[in-house]
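The structure appears right after this line, and notes come after that.
Numbering (the UniProt record's numbering), first residue to last: 1 to 546.
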């Protein structure tokens with residue numbers, strides 16, 4: 001039976017092949033072709049989500065979120081520059097890793113650690129989209145989405161005793177959403193002092209690792225453990241609000257000095273001043289100023305016909321850098337006609353003062369700042385001043401001051417609790433930064449006028465613009481916090497050239513309540529101008545307590 005079934009199988013195979021070829025040829029030749037329908041063309045907007053996913057398995061970020069911009073030009077730039085960037089980055093990796101490797105040599109019988117091969121491959125990262133954020137600070141904030149599916153060739157060799165262990169990193173995939181901030185913006189090229197980097201989400205990192213030729217990532221459970229460990233460690237270092245700060249410019253050259261304290265000056269008296277008038281007397285007064293400060297000098301009253309004047313007049317001067325600033329004391333003889341004659345001057349470096357300590361100086365007046373002036377010249381008299389440097393509360397720790405509040409007294413130093421600091425004197429700083437969409441009927445030469453407690457201060461005038469940028473600071477020394485007061489800012493415009501139509505135009509005004517400034521320490525915001533169609537003004541107000 002087995003022989004017969006095998007025989008019938010062979011016969012069936014031999015007969016079936018010719019018959020099948022004949023039937024197929026007959027159908028191919030004599031069958032009529034059916035009409036092929038044209039494909040249906042539909043706009044993408046009519047397709048459902050499933051059809052879109054089939055057509056576009058990975059929708060670009062700039063399509064899903066329109067606030068992200070496509071930057072194909074940057075990806076083209078990275079592609080062309082990648083061979084050079086690869087070499088430069090690898091050099092940085094080698095130089096950075098070398099001291100780290102040196103710490104392990106000699107431990108655990110490790111004789112050497114070195115890179116046999118180090119290359120990031122031929123595929124550069126791709127920036128899928130970028131978004132620029134607007135802030136009220138002097139900074140530029142950018143958010144990117146970066147993907148990198150690279151083909152690096154990184155081989156690290158460990159020489160342990162007589163063994164050589166090779167570790168190879170392959171098939172790296174990285175997906176990250178960093179936020180890059182350039183701050184502060186400064187008028188020195190490249191116009192920013194630091195690059196601050198943080199991650200908005202935990203990054204996705206995938207890679208393969210071979211040890212001596214074997215893929216250790218295939219070990220059950222190890223792949224997931226490595227993934228979670230990397231995400232956790234990177235998140236602990238750079239996940240927002242944690243940041244990585246990269247300095248670009250030296251802070252000492254670009255740092256914009258901010259007020260750190262108040263210098264209390266008491267001009268006590270002077271004696272044996274020079275005789276400048278015909279009747280053998282002088283009319284002395286003192287001008288006080290700090291170096292590096294553009295504010296007008298402060299003046300005492302004039303003591304008529306007095307060579308030994310007693311003033312006992314007190315002044316408060318804002319200090320920005322007590323280590324470098326110098327107090328300039330200049331004594332003049334007041335004249336009714338012509339310029340005032342200089343009787344003498346003296347300098348007091350603020351670094352001689354200890355915070356909160358009251359110190360009295362009796363100084364010999366000099367003709368000028370030449371410290372090598374010969375002592376046999378005619379003496380110009382002496383001046384007595386009483387100085388105290390008081391840091392602001394938030395800056396007191398920089399100068400080793402007391403952690404609690406304090407109370408300045410004429411006889412020494414006292415202290416008060418932190419709860420009383422809000423009731424103490426301080427500095428109100430108002431920075432008028434810029435305005436937008438301010439437009440006059442006849443001309444656009446805007447300037448701003450700040451009014452506080454009846455005192456008016458004016459910015460410079462910007463010609464022919466609806467978007468003036470002033471960036472001017474005005475300071476007010478106050479004996480108590482202005483909790484129930486307001487500042488009034490008005491934007492005006494006037495014709496610069498001579499004209500019968502030179503009347504000023506008001507472009508809008510705003511009143512800012514200072515209660516929130518006192519409690520929060522600072523308000524940096526934009527305000528809509530009243531009586532203006534679309535006008536907006538940007539103001540930064542600070543309150544610093546001593």
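Glycine included, each C-beta is placed from N, C-alpha and C at the ideal position.
Everything numeric in this text was worked out from a predicted model, so none of it was measured.
Residue 276 counts as buried, since at least 16 other C-beta atoms from the protein chains shown sit within 10 angstroms of its C-beta. Three or more pairs of CB atoms, one per stretch, sit closer than 8 Å, so the region 206–214 contacts the region 163–174. In this structure, 145 is the residue among 150, 248, 190, 145 with its C-alpha nearest to the C-alpha of residue 203. Under the Cβ criterion (8 Å, minimum of three pairs), the region 422–439 does not count as touching the region 300–314. By the Cβ neighbour-count rule, residue 514 is buried, with 16 or more other Cβ atoms within 10 Å of its own. Across the structure, residue 428 and residue 388 are spaced so that their CA atoms are roughly 20 Å apart.
A contact is defined here as three or more CB-CB pairs under 8 Å, and the region 258–271 meets this definition with respect to the region 313–330.
Going by C-alpha positions, residue 432 is about 59 Å away from residue 41. Within the UniProt domain "C2" (240–363), the runs of alpha helix (DSSP H) that reach at least 4 residues and sit entirely inside it are, in chain order, 251–254. In its own chain, leaving out the 5 sequence neighbours on each side, no residue places its CB closer than 8 Å to the CB of residue 107.
For residue 138, no beta strand (DSSP E) segment is defined, and its DSSP state is neither H nor E. Of the residues assessed, residue 365 falls on the buried side of the cut-off, its CB having 16 or more other CB atoms within 10 angstroms. Contact check for residue 347 against residue 319 fails: the beta carbons are separated by 8 Å or more.
Going by C-alpha positions, residue 89 is about 21 Å away from residue 199.
CA-CA distance, residue 218 to residue 130, rounds to 36 Å. In the three-state scheme derived from DSSP, where H, G and I count as helix and E and B as strand, residue 191 is classed as coil. DSSP places residue 484 in the coil class of the three-state scheme, outside both helix and strand. Taking the C-beta atoms as reference points, residue 539 is found no nearer than 8 Å to residue 529.
The region 155–169 makes no contact with the region 125–141; the number of CB pairs closer than 8 Å stays below 3. Apart from sequence neighbours up to five positions away, the residues of its chain that approach residue 521 with a beta-carbon distance below 8 Å are 394, 542, 543, 544, ordered along the chain. Taking 8 Å as the upper bound for CB-CB distance, residue 307 and residue 273 are in contact here, some 5 Å apart. Rounded to the nearest whole angstrom, the CA to CA distance from residue 344 to residue 299 is 15 Å. A residue is called buried when at least 16 other Cβ atoms come within 10 angstroms of its Cβ; residue 383 meets this threshold and is buried. The C-beta of residue 332 has 16 or more other C-beta atoms within 10 Å across all chains shown, which makes the residue buried.
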